[in-house]
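Please read the structure below before turning to the comments.
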Amino acid sequence: MSSSTASRRVFLAADPLASAPWSQWLRRVQPLLYLLPALIAVGIWVYRPLVQTFVLSFYEWNLLPTSPQTFVGLQNYSRIFQLPDMTQALSNTAIYIVGLWPLAVVLPALIAIATDELGKRAREIYRVLIFAPMMMAPVVVAAVWRWILHPTNGIVNNTLNGLVNDFERIRFFTDGSIAIWVIIFITGWKLTGFSTLIFSAALTNINRDIYEASAIDGATRWQNLRFITIPLLSPTILFMTMLSILFASAWSFTYINVLTDGGPSGATTNIYYLLWVYGFRSFAIGWSSAAAMVIFVVFGIVAFLLIRLSNRLAFYDN
Amino acid sequence: MTTDALLLEARPAAPPVRARAPLTSHMILIALSILSIFPLYWMVSSSFKPVNEIYSPNLIPTAPTLENYVRVFDTLPMNVLMGNTILVAVMQTGFQLTTSILAAYALARWKFPGSGIVYTLFALTWLVPFQATMIPNYVLLTQLNLRNTALGIIIPNIGSAFAILLLAQSFRSFPRELIESAQLDGATSWGILWRIIFPNLRPVVASLGILLFINSWNEYFWPLLVSSRMDSSTLQIGLQMFMAGEVSLWGPVMAAATLTSLPIFLLYVVLQRQIIDSFVKSGLR
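Note that the protein sequences, when read in sequence, are chains W and E.
Under the numbering used here, think of the first position of the first sequence as 1, with each following residue one higher.
Under the numbering used here, think of the first position of the second sequence as 1, with each following residue one higher.
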């Protein structure tokens, strides 16, 4: 093996083509050639627009190619924080994040832990069922829940009406005090099963010997949970927490768009939805761009901190 | 180690708490399963109910009918929508796989100046929200005259950072000796990629492809923005328009929703294990 390798290498080195300057050059730029299609795509459709959004955030413009872009300095940034709908959207964004967290992280983690001892075959069947919502298109999900939760004809209101005397029908999407929670529930409904499977997978990776050792030491169930399971799950918990913070608003966008349009009177709008409304309804490109930059930076910092935290906290098995 | 194992075997059978656990587990999971599956079941069931039965709580339609589906096909250009959606999803998946296989190969195979930066550039894209890029992208697409075209829906998505990072990871675990010996046999880097690495990693690429296909099929944001006409739209947009137009026709709306999900349903029934595994292993996006 080694002698034939050596002779081949000599042969390659002697190859006139291989030593030609252009072929050496080609070899050097080779990685770049493979990367080029993806780099161009990401450059044109992610980083170019990001920079342009940054630039547009200092201008006033209404999206019409014929109308001028006026430089206004930092005015967009100072204005957006005085807009009442922006304040509402920001506080709603916080509600979306806080409300989604139990559905995307706590509940799935608890379910995964509680059901960890099930046999493989039973688990296989549940997996297929609870993962199904993740496959569904958000528009389809919105359509189905609108039908199920319809105030006069939906099965939920009809069933409650049959059970409760003098039942006052719940207007799930038009009652300002509950609409945002309904959107959060629907967003969470799509995620819970998926998230549960992520936690189950993380649990199966925990080495069983640790539990056996702790059983010998006479540890209680609670102690196992507190000192073994939760610490070992912490990377997954942090990862899912990060996802739910960063994407709570993005994931709920379609439901808001189809089901409530941000209403009633802004009760379900969030920051991403407002960016959309500013950009493509009010055509306030400057406001939309400035708000987008603020969100990008804030979420970037949050992600950075959470990644730092998870690197520090990570307890890896073995 | 062996003594531990012996000790464990010698321990009495599972304590009562454990014996009860599976029943509780089953109850929790059955509840979660019903919650997950009922809305989908209700959608399909409602889609087969005639007008006079649509408001009834019957789980199974007593007189199932196809009239809702007929109505959908009469009102919506379903063939066009279905064709557009298939075209968009297949082409987008193809582009994404091609660009990411090439990029992942470069990242996994060579260490070159700037490779760290390139990797970071790809990784950071998932922090860039859609809303921070939508306006310039919309403007560029308009300038290119690609609004209301399938290409306009596809083109911003031809590169997928998620796919690149996922593939780079599995390409890295490919045995280096195989690559080196092929190199000594005079294989070009192109040949090594397609004749040695790709055939071996076909399952990884296939499950990634399914995932990308489903994502593309379910895409709503961007198509909504760039296609305002039915003849260039996808099923998702068609369903949304249909819903907005036929507010109280729940039977036909549910039939349209069922049709929109049908291909994904079929894919899921056939390939559930691969789909779930690839989603769980790769996280979101």
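Every residue, glycine too, gets a C-beta built ideally from N, C-alpha and C.
Starting from the Cα of residue i, find the closest Cα among the options and give me that residue.
i: residue 178 of chain E; options: E:166, E:169 and E:191; result: E:191
i: residue 45 of chain E; options: E:86, E:60, E:280 and E:36; result: E:60
i: residue 54 of chain W; options: W:312, W:310 and W:294; result: W:294
i: residue 39 of chain W; options: E:74, E:78 and E:122; result: E:122
i: residue 216 of chain E; options: E:43, E:26, E:94 and E:63; result: E:94
i: residue 143 of chain W; options: E:196, E:80 and E:259; result: E:259
i: residue 151 of chain E; options: E:267, E:90, E:242 and E:38; result: E:90
i: residue 114 of chain E; options: W:35, W:218 and W:106; result: W:35
i: residue 320 of chain W; options: W:46, W:276, W:232 and W:310; result: A question about residue 320 of chain W goes unanswered here, because the residues of chain W that appear run from 1 up to 318.
i: residue 28 of chain W; options: E:112, E:34, E:51 and E:159; result: E:112
i: residue 226 of chain E; options: E:26, E:142, E:255 and E:125; result: E:142
i: residue 158 of chain E; options: W:37, W:289, W:96 and W:243; result: W:37
i: residue 172 of chain W; options: W:124, W:277, W:256 and W:50; result: W:256
i: residue 33 of chain E; options: W:212, W:216 and W:190; result: W:190
i: residue 280 of chain E; options: W:115, W:51, W:311 and W:128; result: W:128
i: residue 185 of chain W; options: W:288, W:252 and W:25; result: W:252
i: residue 292 of chain W; options: W:49, W:179 and W:114; result: W:49
i: residue 249 of chain W; options: W:145, W:279 and W:94; result: W:94
So which residues of chain E does residue i contact, with C-beta pairs closer than 7 Å?
i: residue 289 of chain W; result: 135
i: residue 127 of chain W; result: 276
What does residue i reach in chain E if we use C-beta pairs closer than 8 Å?
i: residue 155 of chain W; result: 42 and 57
i: residue 263 of chain W; result: Those do not exist, as residue 263 of chain W stays about 15 Å from chain E at its closest Cβ, beyond 8 Å.
i: residue 158 of chain W; result: 55 and 57
Can you list the residues of chain W that residue i reaches, using a CB-CB cut of under 8 Å?
i: residue 215 of chain E; result: Simply none; closest approach about 10 Å.
i: residue 254 of chain E; result: 143, 144 and 147
i: residue 182 of chain E; result: Within 8 Å Cβ-Cβ: nothing; residue 182 of chain E doesn't reach chain W, min ~12 Å.
i: residue 129 of chain E; result: 250, 272, 292, 295, 296 and 299
i: residue 99 of chain E; result: 37, 38 and 41
Less than 6 Å between C-beta atoms, sequence neighbours within five positions excluded: which residues of the same chain meet that for residue i?
i: residue 15 of chain E; result: Only weak support exists for where residue 15 of chain E lies, its pLDDT of 44 falling under 50; the value from the coordinates is given anyway. No residues qualify anywhere along the chain.
i: residue 108 of chain W; result: 192, 195, 196 and 199
Could you name the residues of the same chain whose beta carbon sits closer than 7 Å to that of residue i, not counting the 5 residues immediately before and after it, in chain order?
i: residue 147 of chain W; result: 154
i: residue 222 of chain E; result: 153 and 156
i: residue 286 of chain W; result: 56, 57, 59, 60, 61, 72 and 76
i: residue 108 of chain E; result: 168, 171 and 172
i: residue 176 of chain W; result: 264, 265 and 267
i: residue 240 of chain W; result: 104, 105, 195 and 198
i: residue 202 of chain W; result: 233 and 236
i: residue 296 of chain E; result: No answer is possible for residue 296 of chain E: the residues shown for chain E start at 1 and end at 285.
i: residue 242 of chain W; result: 303 and 306
i: residue 7 of chain E; result: The predicted position of residue 7 of chain E is uncertain, since its pLDDT is 39 and thus under 50; a value taken from the coordinates is nonetheless stated next. Excluding residues within five positions, none has a Cβ falling inside 7 Å.
i: residue 50 of chain E; result: 63, 65 and 67
What residues of chain W sit near residue i, judged by a beta carbon separation below 9 Å?
i: residue 218 of chain E; result: 135, 136, 137, 138, 139 and 140
i: residue 161 of chain E; result: 38, 42 and 46
i: residue 243 of chain E; result: 139, 142, 143, 146 and 258
i: residue 169 of chain E; result: Here the premise fails: no neighbours, minimum Cβ distance about 15 Å.
Which residues in chain C have a C-beta closer than 9 Å to the C-beta of residue i? List them in chain order.
i: residue 24 of chain E; result: Absent here is chain C; the protein component of the structure consists of chains W and E.
Along chain W, which residues have their Cβ under 7 Å away from the Cβ of residue i?
i: residue 279 of chain E; result: 134 and 194
Can you list, in chain order, the residues of its chain whose CB lies under 8 Å from that of residue i, leaving out five sequence neighbours each side?
i: residue 30 of chain W; result: none
i: residue 4 of chain E; result: The pLDDT assigned to residue 4 of chain E is 42, lower than 50, so where the model puts this residue is not dependable; a value taken from the coordinates is nonetheless given after this. For residue 4 of chain E, where only same-chain residues beyond five positions count, there are no Cβ hits under 8 Å.
i: residue 67 of chain W; result: 61
i: residue 229 of chain E; result: 148
CB of residue i to nearest heavy atom of the ligand ADP: below 8 Å?
i: residue 133 of chain E; result: The ligand ADP is absent from the structure shown, which contains no ligands of any kind.
Which residues in chain E have a C-beta closer than 9 Å to the C-beta of residue i? List them in chain order.
i: residue 223 of chain W; result: Here the premise fails: no neighbours, minimum Cβ distance about 13 Å.
Sequence ranges, alpha helix (DSSP H) only - wholly within the stretch 104-178 of chain E, length at least 4
115-124, 134-143, 150-154 and 161-172
At 4 residues or longer, what runs of the alpha helix (DSSP H) sit wholly inside the stretch 92-171 of chain W?
107-114, 120-135, 138-148 and 155-163
At least 3 beta-carbon pairs within less than 8 Å: the stretch 227-242 of chain W vs the stretch 62-72 of chain W
Fewer than three Cβ pairs drawn from the stretch 227-242 of chain W and the stretch 62-72 of chain W lie within less than 8 Å of each other, which leaves the two stretches out of contact.
Does the contact criterion of 3 or more C-beta pairs under 8 Å hold for the stretch 112-129 of chain W versus the stretch 21-34 of chain E?
yes
Does the contact criterion of 3 or more C-beta pairs under 8 Å hold for the stretch 261-281 of chain W versus the stretch 85-99 of chain W?
yes
Can at least three beta-carbon pairs, one atom from the stretch 100-108 of chain W and one from the stretch 162-180 of chain E, be found at a separation below 8 Å?
These segments do not touch.
Assess contact between the stretch 202-216 of chain E and the stretch 130-147 of chain E, defined as three or more Cβ pairs (one per stretch) separated by less than 8 Å. Is contact present?
Touching, no.
Output the residue ranges of the beta strand (DSSP E) runs that lie fully inside the stretch 177-227 of chain E and measure 3 residues or longer, sorted by chain position.
none
Assess, as a yes-or-no matter, whether the stretch 133-142 of chain E is touched by the stretch 235-251 of chain E under the definition of 3 or more beta carbon pairs within less than 8 Å.
no
Would you list, in sequence order, the uninterrupted alpha helix (DSSP H) runs of no fewer than 4 residues that lie entirely inside the stretch 258-286 of chain W?
271-280
Evaluate the contact criterion for the stretch 194-202 of chain E versus the stretch 213-232 of chain W: three or more CB pairs, one atom per stretch, below 8 Å.
Below 8 Å, too few C-beta pairs join the stretch 194-202 of chain E and the stretch 213-232 of chain W to call them touching: fewer than three.
Any alpha helix (DSSP H) of 4 or more consecutive residues that is wholly inside the stretch 59-88 of chain E
Taking only runs of at least 4 residues, the alpha helix (DSSP H) segments lying wholly in the stretch 59-88 of chain E are 67-75.
Take every Cβ of the stretch 73-88 of chain E, pair it with every Cβ of the stretch 228-238 of chain E, and state whether three or more of those distances are shorter than 8 Å.
yes
Any contact of the stretch 98-106 of chain E with the stretch 252-271 of chain E, i.e. 3+ C-beta pairs under 8 Å?
no
Decide if the stretch 127-140 of chain W is in contact with the stretch 266-279 of chain E; the criterion is three or more beta carbon pairs, one per stretch, under 8 Å apart.
They touch, by the three-pair rule.
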